[in-house]
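First residue of the sequence shown? That's 234 in this note's numbering, and the numbers climb one at a time after it. Even for Gly, the Cβ is constructed at its ideal location relative to N, Cα and C. For clarity, every value in this text was computed on a predicted model and none was experimentally measured. Take a look at the structure set out below.
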Amino acid sequence: MDDATFSVSIPRLTTSRLLLREYRATDFEVFAANIQDPAATEFVTGAPDRRSAWRSFTAGAGQWLVQGAGWWAVELRETSEVVGWVGAFFRETSPDLELGWILRPKFWRQGLATEAAKAALAYGIEKYDARRIIAHITNANLASVKVSRNLGMRYETEVPFFDQTVGLYALER
């Protein structure tokens, strides 16, 4: 990861059904509603209010400036509807590339999280020559555990993560 010069072009990635693209201000309403939805955030920390949702939204977009890695909005290519968000990024405390994903509940169980995460994973491996890719997943989140397995990740151990203990899933190349 090189020092950023605060000039960045966020890559667009396509899959058969999806476009992974930059965040747009017009995405915020959908983002805020999702991050405040108890079903969508059952296993991740949601935002208690719109101000916190805005901070999360802009932080996800801003990672591209600081790291040259970050989060994408994920939309259906056919309709341009935003289905969720996926990220390939680096935490300040780890050299490992981390993947994350969150979809709107109406798009669950369609394979979209796996499809988006596979695109983010491939990008991260190619762009950063990532040798170790991780995901932090609450063990009860069986859908995300399945996505991680579809990506070739394996459970390693329990780790503290914010105010909870979660599973650390990893892919070694």
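Distance from the CA of A368 to the CA of G295, rounded to the nearest whole angstrom, comes to 20 Å. Per DSSP, the beta-bridge partners of W318 are A306 and I335. When secondary structure is reduced to three states using DSSP, R387 falls in the strand class. Only exposed fits K339, as fewer than 16 other CB atoms lie within 10 angstroms of its CB. In chain order, I366, G385 and M386 place their CB closer than 6 Å to the CB of L404, counting only its own chain and leaving out the 5 sequence neighbours on each side. By the 16-neighbour rule on beta-carbons within 10 angstroms, N372 is exposed. If you compare the alpha carbons of V392, W304 and L298 with that of G357, the shortest gap goes to W304. In this structure, the alpha-carbon of G344 lies about 22 Å from that of A266.
Between F323 and E314, the gap from beta carbon to beta carbon reaches 8 Å or more. Between A355 and V380, the C-beta gap is not smaller than 8 Å, which leaves the two residues out of contact.
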